[in-house]
């Protein structure tokens with residue numbers, strides 16, 4: 137019985153691992169909620185400081 141549970145657990149873990157690897161390869165966030173917080177260097181609007189979360193008004 138424990139072997140069956142372990143097999144199922146390993147299959148699910150492998151599926152999630154593949155899903156997260158696929159999202160990383162496509163440069164997507166870990167979850168479906170999107171990115172938040174600091175801007176990434178290549179996407180930061182011009183004129184905003186590196187420490188700023190929001191562009192200057």
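Numbering (my numbering), first residue to last: 137 to 193. Backbone N, C-alpha and C fix where the C-beta goes; we use that ideal spot for every residue, glycine too.
- Per DSSP, residue 143 is one residue of the alpha helix (DSSP H) stretching across 138 to 161.
- Residues of the same chain with a CB within less than 8 Å of the CB of residue 141, apart from the 5 flanking positions on each side, do not exist.
- Cβ neighbours of residue 158 within its own chain (closer than 7 Å, five residues either side excluded): none.
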